[in-house]
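Student: With full-length UniProt numbering applied, the sequence shown corresponds to residues 1 to 69, in that order.
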Amino acid sequence: MRLSARNQLQGKVVAIQKGATTSHVSIELTGGAVVMAAITNEAVADLGLTVGEPATAVIKASDVMVGVD
Numbered sequence: 001m002r003l004s005a006r007n008q009l010q011g012k013v014v015a016i017q018k019g020a021t022t023s024h025v026s027i028e029l030t031g032g033a034v035v036m037a038a039i040t041n042e043a044v045a046d047l048g049l050t051v052g053e054p055a056t057a058v059i060k061a062s063d064v065m066v067g068v069d
């Protein structure tokens with residue numbers, strides 16, 4: 001996969017929670033951390049996402065927020 005986004009985290013799909021129009025897809029990374037993405041149900045179907053299969057979380061830096069206490 002060739003993308004301009006440099007933040008690409010490889011892992012496997014561990015959960016897909018479908019809603020009315022949006023699904024929450026959880027991807028477990030090496031080391032056990034889990035990231036979640038909210039994507040359309042149509043995108044889940046188009047990508048053929050299934051639990052247990054490999055997937056890559058691609059994060060655009062402009063969409064990441066950082067907070068501290």
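Ideal Cβ positions, reconstructed from N, Cα and C, are used throughout, including at glycine. Computed from a predicted model, the values in this text were never measured in an experiment.
Measuring straight from C-alpha to C-alpha, what distance separates residue 107 and A33?
Tutor: The shown model of the chain, from 1 to 69, leaves out residue 107, and the question about it has no answer.
Student: Which runs of the beta strand (DSSP E) at least 3 residues long sit entirely within the UniProt domain "Mop" (2-68)? Give them in chain order.
Tutor: Entirely contained in the UniProt domain "Mop" (2-68), the beta strand (DSSP E) runs reaching 3 residues are, in chain order, 7-18, 22-29, 34-40, 54-59.
Student: Throw me the rounded Cβ distance for the A57 and A37 pair, which I believe falls under 8 Å.
Tutor: That belief holds up - the Cβ atoms of A57 and A37 are roughly 6 Å apart, short of 8 Å.
Student: Which one of R6, L49, A61, T40 has the shortest CA to CA distance from V14?
Tutor: Among R6, L49, A61, T40, the Cα nearest to that of V14 is on L49.
Student: Smallest Cα separation from S26: which of A55, N7, G19, L47?
Tutor: The candidate whose alpha carbon is nearest that of S26 is A55.
Student: State the Cα-Cα distance for the pair L9 and L29, rounded to the nearest angstrom.
Tutor: Distance between the alpha carbons of L9 and L29: 7 Å.
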